[in-house]
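Take the sequence shown: its letter number 102 is residue 102 in this note's numbering, and every next letter is one higher.
Each remark here refers to the structure printed beneath this line.
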Amino acid sequence: MTVENSLAEHAPHAQQRDHISLTRYSGRFAPSPTGPLHFGSLITAVASYCDAKAQHGTWLVRIEDTDIPRIYPGSENHILRCIDAFQFEPDAEIIFQKDRLDLYAAVLQQLQQRDLVYACQCTRKMLGSNHIYAGTCRNLGLNFANQAIRVKVTDQEICFQDRLQDKQCSNLAQDLGDFVLKRRDGIINYQLAVVVDDYLQGITHVVRGADLLDNTARQIYLGQLLGYPKLSYTHLPLAMNAQGQKLSKQNLAQALDLAQAPKLLQAALTALNQATVELDTPARMLTQAIQQWDLSRIPAGTALHGYYL
Ligand code: GLU
């Protein structure tokens with residue numbers, strides 16, 4: 001199958017892609033199963049859902065499970081149970097990135113044919129504490145087999161207007177250097193998978209945690225290289241724990257307790273500074289939250305100070 005056919009098969013609406021700005025809002029929630037969902041994940045799920053539904057859009061769920069060594073046993077199942085318990089209604093079947101590796105490989109091949117990527121043999125040890133990749137392997141013409149693949153970046157400012165975080169700009173050549181799309185161990189990097197899937201799923205709006213703000217320029221750049229339409233970005237302030245650290249799987253944020261769904265939903269809406277929603281079934285609470293949804297009420301900045309549970 002050709003690259004184009006394989007992509008078209010997974011993107012039935014690809015022909016309409018050019019008209020995406022005229023089509024309706026399509027949002028998504030894209031958790032990685034690297035640990036059970038926590039209160040911070042719930043905030044992202046609720047905000048992405050309400051924002052999409054308040055604009056009569058669709059909302060999709062995608063499990064980002066390409067990084068097999070980081071998958072935490074049982075967390076995929078916990079994500080699915082959360083979607084059910086909080087009574088979110090995805091508008092299409094949930095997709096799993098591990099089932100779509102051929103698509104990412106096809107896109108990498110396109111980039112390779114256009115000489116936009118190269119194989120890199122630099123190990124983490126060789127790179128040391130350097131955060132900006134110097135392009136050591138850029139012109140070595142190394143064979144692609146069993147090597148990391150990096151994309152060539154250009155010395156240009158990439159800017160976007162975030163709906164909550166104002167204008168953000170970054171120059172990838174100065175801030176980061178050529179970055180990895182596929183690791184030496186064969187794992188497709190999150191940056192590539194997220195861009196390909198947002199395109200193939202027809203996503204128009206990305207609503208996610210501010211911890212991903214730094215990744216956005218890379219994703220915009222890849223989208224530009226691939227000729228994908230621009231997306232709207234909203235980066236939500238992050239929930240913090242009592243010690244003032246962002247809630248994360250790494251610092252063992254407490255897993256969402258499904259038996260407490262209404263209470264947690266109410267707390268997530270409070271954290272987002274939305275009008276109060278009375279305790280009820282999660283479905284009825286979400287309906288009310290959608291009716292009342294007001295993005296401009298979300299606290300400014302990248303952190304939600306205060307502990308909401
Ligand atoms: N999978 C990413 C995470 O769980 C989120 C990706 C995204 O929303 O773009 O942190």
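Ideal placement from N, C-alpha and C gives every residue a C-beta, glycine not left out.
Look at Ser32 here: in three-state DSSP terms it is coil, with no helix or strand label. The three-state secondary structure of Val196, taken from DSSP, is helix. Sequence-distant Cβ neighbours of Asp65 in its own chain, meaning closer than 8 Å and more than five residues away, are Ser32, Pro33, Ile71, Glu76, Phe96, Gln97 and Lys98. Cβ-Cβ distances below 7 Å link Asp178 to Tyr133, Gly135, Arg138, Arg150, Val151, Lys152 and Val153 in the same chain, with the five nearest sequence neighbours on each side left out; the list follows chain order.
Sorting Gln156, Leu256, Arg81 and Val207 by C-alpha distance to the C-alpha of Ser26 places Val207 at the top. In this structure, His38 keeps its C-beta atom at 7 Å or more from the C-beta atom of Ala271. 7 Å or more divides the Cβ of Leu256 from the Cβ of Lys246. DSSP places Arg124 in the uninterrupted alpha helix (DSSP H) bounded by Arg124 to Leu127. In this structure, Arg81 lies away from Arg28, with their beta-carbon atoms at least 7 Å apart.
Within its own chain, the residues whose Cβ lies closer than 8 Å to the Cβ of Asn241, once the five positions on either side in sequence are excluded, are Leu247, Asn251, Ala253 and Tyr307, listed in chain order. In the DSSP assignment, Arg208 falls outside any alpha helix (DSSP H) and within the unbroken beta strand (DSSP E) covering His205 to Gly209.
Assignment of Lys152 by DSSP, reduced to helix, strand and coil, places it in the coil class. Remark: C-beta atoms of Val107 and Val196 approach each other more closely than 7 Å. With distances taken between CA atoms, Tyr49 lies nearest to Gln87 out of His78, Pro36, Gln87 and Pro73. Look at Ser32: its beta carbon is less than 6 Å from one of the heavy atoms in the ligand GLU. In terms of CA proximity to Ile68, Ile188 leads the group Arg124, Asn273 and Ile188. Taking Cys120 as reference, the option from Arg114, Gly244, Leu111 and Leu142 with the minimal CA-CA separation is Leu142.
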